[in-house]
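Undergrad:
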Amino acid sequence: MTNSPVNILIVDDIAHNITALEALLARPGVELLVANSGTAALDLLLKHEAALAILDVNMPGMSGFELASLMRGSPRTSHVPIIFLTATTEDTSRTFRGYEAGAVDFLHKPFDPRILQSKVDVFVQLEQHKRQLADQLLATRQLLEANEMLMAVLGHDLRTPLGTVLASAEFLMRNAADEQSATVAGRIRNSSLRMSRMVHQLLNLARLQGGRMQLQPRASDLSALCRAVIEEFAAHERASHIKLTARGNATGTWDTDLLWQAISNLISNALQHGAQDSPIAVDIDADEANRIRLTVSNRGAIPANVLPHLFEPFGSNKLGQKPREGLGLGLHIVDKIVHMHGGKVMGQSDGVIGTVFTVELPRTAQSWVS
Numbered sequence: 001m002t003n004s005p006v007n008i009l010i011v012d013d014i015a016h017n018i019t020a021l022e023a024l025l026a027r028p029g030v031e032l033l034v035a036n037s038g039t040a041a042l043d044l045l046l047k048h049e050a051a052l053a054i055l056d057v058n059m060p061g062m063s064g065f066e067l068a069s070l071m072r073g074s075p076r077t078s079h080v081p082i083i084f085l086t087a088t089t090e091d092t093s094r095t096f097r098g099y100e101a102g103a104v105d106f107l108h109k110p111f112d113p114r115i116l117q118s119k120v121d122v123f124v125q126l127e128q129h130k131r132q133l134a135d136q137l138l139a140t141r142q143l144l145e146a147n148e149m150l151m152a153v154l155g156h157d158l159r160t161p162l163g164t165v166l167a168s169a170e171f172l173m174r175n176a177a178d179e180q181s182a183t184v185a186g187r188i189r190n191s192s193l194r195m196s197r198m199v200h201q202l203l204n205l206a207r208l209q210g211g212r213m214q215l216q217p218r219a220s221d222l223s224a225l226c227r228a229v230i231e232e233f234a235a236h237e238r239a240s241h242i243k244l245t246a247r248g249n250a251t252g253t254w255d256t257d258l259l260w261q262a263i264s265n266l267i268s269n270a271l272q273h274g275a276q277d278s279p280i281a282v283d284i285d286a287d288e289a290n291r292i293r294l295t296v297s298n299r300g301a302i303p304a305n306v307l308p309h310l311f312e313p314f315g316s317n318k319l320g321q322k323p324r325e326g327l328g329l330g331l332h333i334v335d336k337i338v339h340m341h342g343g344k345v346m347g348q349s350d351g352v353i354g355t356v357f358t359v360e361l362p363r364t365a366q367s368w369v370s
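Numbering follows full-length UniProt numbering, with no gaps: position 48 of the sequence shown is 48.
(1) Nearest to residue 174 by CA position, among 70, 302, 185, is which residue?
(2) With H, G and I counted as helix, E and B as strand and the rest as coil, what does DSSP make of residue 113?
(3) Give me, in chain order, the residues of the same chain whose beta-carbon lies closer than 8 angstroms to that of residue 280; leave out the 5 immediate sequence neighbours on both sides.
(4) Quick one: what's got a C-beta closer than 6 angstroms to residue 219's C-beta in the same chain, skipping five residues either side?
(5) Assuming residue 9 contacts residue 54 under a Cβ cut-off of 8 angstroms, what Cβ separation, rounded to an integer in Å, is found between them?
(6) Identify whether residue 308 lies in helix, strand or coil by the three-state DSSP scheme.
(7) Could you pull out every residue in the same chain whose Cβ sits closer than 7 angstroms to the Cβ of residue 44, ignoring the five residues on either side in sequence?
(8) Going straight from the alpha carbon of residue 178 to that of residue 171, what length do you get?
(9) Where does residue 344 land, buried or exposed, given buried means 16+ other C-beta within 10 angstroms?
(10) Secondary structure at residue 157, three-state DSSP: helix, strand or coil?
(11) Going by beta carbon distance, what residues of the same chain come within less than 7 angstroms of residue 159, once the five residues before and after it are set aside?
(12) Beta carbon of residue 349, beta carbon of residue 302: below 7 angstroms?
(13) For residue 335, which residues from the same chain have a beta carbon less than 7 angstroms from its beta carbon, with the 5 sequence-adjacent residues on both sides left out?
(14) Could you check how far apart the C-beta atoms of residue 337 and residue 259 are, in whole angstroms? I think they sit under 8 angstroms.
(15) Consult DSSP for residue 17 and reduce its assignment to one of helix, strand or coil.
(16) Once you ignore the five residues that flank residue 41 on each side, which residues in its own chain have a CB closer than 7 angstroms to its CB?
(17) Measure from the alpha carbon of residue 288 to the alpha carbon of each residue in 249, 304, 21, then state which is nearest.
(18) Here's the rule: buried if 16 or more other CB atoms are within 10 angstroms of the residue's CB, otherwise exposed. What is residue 255?
(19) Can you tell me the Cβ-Cβ gap for residue 246 and residue 223, rounded? I've got them flagged as a contact below 8 angstroms.
(20) List in chain order: all unbroken alpha helix (DSSP H) runs of 4+ residues lying wholly within the region 18-65.
(21) Pick helix, strand or coil for residue 10, following the three-state DSSP scheme.
(22) Span of the beta strand (DSSP E) holding residue 335?
(23) Assign residue 297 to one of three DSSP states: helix, strand, or coil.
(24) Counting only the same chain and skipping the five closest in sequence on each side, list residues whose C-beta sits under 6 angstroms from that of residue 234.
(25) Which residues in the same chain as residue 293 place their Cβ atom closer than 6 angstroms to its Cβ, once the five residues preceding and following it in sequence are excluded?
(26) From residue 190 to residue 130, what does the alpha carbon distance come to, in whole angstroms?
(27) Using DSSP bridges, identify the partner residues of residue 358.
(28) Measure how close the beta-carbons of residue 86 and residue 62 come, nearest whole angstrom, since I'm counting them as under 8 angstroms.
(29) For the candidate residues 356, 109, 291, whose alpha-carbon lies nearest to that of residue 366?
(30) Is the separation between the beta-carbon of residue 80 and that of residue 103 shorter than 7 angstroms?
(31) From 196, 168, 109, 7, pick the residue whose C-alpha is nearest to that of residue 26; which is it?
(32) Would residue 77 be called buried (16 or more neighbouring beta carbons within 10 Å of its own) or exposed?
(33) Just how far apart, CA to CA, sit residue 28 and residue 145?
(34) Please state if the CB of residue 362 and the CB of residue 347 are separated by a distance shorter than 7 angstroms.
(35) What is the rounded straight-line gap between the Cα of residue 117 and the Cα of residue 13?
(36) Taking residue 365 as part of the alpha helix (DSSP H), name the residues at either end of that continuous run.
Here it is in structure tokens:
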């Protein structure tokens, strides 16, 4: 598409005028479509896309103004820029009529050939840029379709065998003949859970980035939501270290499924990267009328060089030397979900306060889209 010639329509009823314009405008990458009447021009426009039309005003049968009016009335040609050429004496009313008919310029003969060449060059370049953008858009759509296909594979074809592996590992753990077998089965189970989290993060990121995950807000209580999320970590070896405090009226209107995931990611992040045997504090400050503040804090500091990149995808879990439990998408997904609600999330960390993530949410989700 980008390499095909740019079509320019020339319409004039006088043959030597057409010959002069062809000689002036001919160049590589430009195809000149020539018509000696308005009717012939319309026939050409039915067959070809034109980037520019150069019309003589005074033509028998159908004037250039009438042709321009017909072009503007058709969706196929309404966008084509028009330059009028006329040999009549300059007249303000005729010039105004030309612009009213949709002209981008109005040149009176004799005109400076360099001026017309420059104007044509501009429209040729605009058409070439438009084609480049169209090609880029097509390539982007193809990439999105490939991404959709990949997500479908992750969502179904990988989850099904992964579930089987996990169930089998748990069976082996319960029925292990000796300690060594139980240890191996436990490793298989932990690796399967880790892979499951990776798949889950990739699927959610794809939906968030693609704009396919829409808010479904409903009335809920943030305190109850946090308690329910914490209960899900009951089997974790450090579950007893998670403490919830709340004050004020914590009710609001949010997408509870998405907030659940954001809170879960923050607590999971604290469990993985916080100092061992240190408390994880989940605090809800709901004293203000229009917003609620949620903080998740733990002991242990994030390296200073990592702090500016906390919420970037595939990099947010580079917190020290501990191995990753995922792809570094957890905090990025938190940031996306909070911003979708019209809120903001911030991270602070040093050797004194430890690590604190603060989420500020409006009482009512504002459906903000990044």
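C-beta: ideal position from N, C-alpha, C; glycine also.
TA: Taking the structure as given:
(1) 185
(2) helix
(3) For residue 280, where only same-chain residues beyond five positions count, the Cβ hits under 8 angstroms are 238, 241, 242, 243, 267, 270, 271, 274, 296, 297, 298.
(4) Taken in chain order, the residues that qualify are 253.
(5) 7 angstroms
(6) helix
(7) 9, 33, 35
(8) 14 angstroms
(9) Answer is exposed; the Cβ neighbour count stays below 16.
(10) helix
(11) 199
(12) Contact flag set, yes.
(13) The beta carbon of residue 335 lies closer than 7 angstroms to those of 311, 345 in the same chain, with the five residues before and after it left out.
(14) 7 angstroms
(15) Collapsing the DSSP output to three states places residue 17 in a helix.
(16) Answer for residue 41: 9, 11, 35, 67, listed in chain order.
(17) 249
(18) The residue is buried, with at least 16 neighbouring Cβ atoms inside 10 Å.
(19) Between residue 223 and residue 246 the Cβ distance is about 4 angstroms, and since that is below 8 angstroms, they are a contact.
(20) 38-47
(21) strand
(22) Here residue 335 belongs to no beta strand (DSSP E); instead the alpha helix (DSSP H) covers 330-340.
(23) strand
(24) Cβ neighbours of residue 234 beyond the five flanking positions: none.
(25) 285, 360
(26) So the two alpha carbons sit approximately 52 angstroms from each other.
(27) Its beta-bridge partners are 295, 346.
(28) At roughly 15 angstroms, the Cβ-Cβ gap does not stay under 8 angstroms, so residue 86 and residue 62 are not in contact.
(29) The residue from 356, 109, 291 with its alpha-carbon nearest to that of residue 366 is 291.
(30) No, they are not a contact pair.
(31) 7
(32) buried
(33) 36 angstroms
(34) no
(35) 21 angstroms
(36) In the DSSP annotation of this structure, residue 365 is not part of any alpha helix (DSSP H), being labelled neither H nor E.
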